[in-house]
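First up is the structure itself, then whatever we jot down about it.
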Amino acid sequence: MAVYSIHKQRPSLLKDWYGKLSKDSPDWYDGEDDFVGVDTAPLYIALVEAGSRVGYRWESANDVPNPCEVNWLDPEPHRESIGYEEYTEELQEIEGQVDIYRGFHKPPTEEQYTRLWAAA
């Protein structure tokens with residue numbers, strides 16, 4: 005992942021970076037207006053950091069994004085390493101943000117998205 009390499013070399017260049025699944029992708033669907041008051045489908049990708057660990061996750065495009073689980077690119081730091089406590093605190097915060105897409109490491113299919121929000 006080129007974005008990961010750039011982020012590791014120059015973290016400030018990619019502050020608040022995100023990407024969006026192309027409408028030309030076979031996985032893209034318009035989940036924005038299917039349910040009243042429901043957020044967009046999680047078709048945006050963002051970098052996530054917990055201490056020195058970097059990953060990415062898919063999330064919705066709302067003011068308060070509704071994210072999927074994180075796909076970690078770095079290994080978990082060793083328990084006795086400097087910064088491990090900061091890592092665990094930030095990890096708990098990140099994991100606490102996952103709600104309806106718990107268990108999803110990639111965007112749900114359109115069928116899964118519809119089923120999730122119909123049951124919500």
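Under our numbering, think of the first position of the sequence shown as 5, with each following residue one higher. The beta-carbon is built from N, C-alpha and C at its ideal position, and this holds for glycine as well.
Exercise for the section: Take the Cβ of Gln116 as the centre, count every other Cβ of all protein chains shown within 10 Å, and call the residue buried at 16 or more, exposed below. Expected result: exposed
Practice task
Could you please give the first and the last residue of the uninterrupted beta strand (DSSP E) stretch that includes Gly23?
Solution key: 22 to 24
Problem - Gln74 classed as buried or exposed, judged by whether at least 16 other C-beta atoms fall within 10 angstroms - result: It is Val, not Gln, that sits at residue 74 in the sequence shown. By the neighbour-count rule (16 or more Cβ atoms within 10 Å), Val74 is buried.
Exercise for the section: State the Cα-Cα distance for the pair Ala65 and Tyr105, rounded to the nearest angstrom. Expected result: 14 Å
Problem - Bridge-paired residues (DSSP) for Asn75 - result: Tyr60
Handout entry: For Asn70 and Val40, the rounded distance between their alpha carbons
Key = Per-residue confidence for Val40 stands at a pLDDT of 47, beneath the threshold of 50, marking its modelled position as unreliable; the derived number appears in the next sentence. Distance between the alpha carbons of Val40 and Asn70: 16 Å.
Practice task
Note the first and the last residue of the continuous beta strand (DSSP E) segment covering Lys86.
Solution key: The sequence shown places Ile at residue 86, not Lys. Element bounds for Ile86: n/a, residue is neither H nor E.
Exercise for the section: Could you please give me the residues that DSSP links to Leu51 through a beta bridge? Expected result: Tyr60
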